[in-house]
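Data first, discussion second: the structure below is written as structure tokens.
Numbering (full-length UniProt numbering), first residue to last: 1 to 115.
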């Protein structure tokens, strides 16, 4: 039996700081490669799988995954197994990101879809 824990479920948020996180992550080529690799997949992927699929060193992959998770562009789940091991897996349903300028609040970001 496995138990899953989620970190950073996808959903809309509209703070300027979050908008900057999203723009920062999307401006990074490796982050975009990871995001397009997991996008729309029915099964989540591990960091190791993403490292191989994207041809990115594993240490770099972990940094990019954290950046994408912090920006709420990826959902991270933790699969706990009966034997005591655990695996982090990543997925995304993000198909588009809308960034707007607002006189009152500055930058706003909308990420439709999610879990």
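C-beta: ideal position from N, C-alpha, C; glycine also.
Small disclaimer: the values here were computed from a predicted structure and weren't measured.
Report the CB separation of residue i from residue j in whole angstroms; it is logged as a contact under 8 Å.
i, j, result
"residue 90", "residue 76", "6 Å"
"residue 26", "residue 97", "7 Å"
"residue 53", "residue 37", "5 Å"
Give me the DSSP bridge partner(s) of residue i.
i, result
"residue 90", "45 and 76"
"residue 107", "101"
"residue 39", "92"
Go ahead and label residue i buried or exposed: buried means 16 or more other beta carbons lie within 10 angstroms of its beta carbon, across all protein chains shown.
i, result
"residue 100", "exposed"
"residue 10", "Bear in mind that a pLDDT of 45 at residue 10, under 50, signals an unreliable position, so the number given afterwards is only what the model happens to contain. Counting Cβ neighbours within 10 Å, residue 10 comes out buried, since at least 16 surround it."
"residue 72", "buried"
Taking only the alpha-carbon atoms, compute the straight-line gap between residue i and residue j and give it to the nearest angstrom.
i, j, result
"residue 85", "residue 22", "32 Å"
"residue 106", "residue 32", "24 Å"
"residue 95", "residue 79", "25 Å"
"residue 70", "residue 112", "17 Å"
"residue 116", "residue 56", "Since the displayed the chain opens at 1 and closes at 115, residue 116 lies outside it and no answer follows."
"residue 92", "residue 40", "7 Å"
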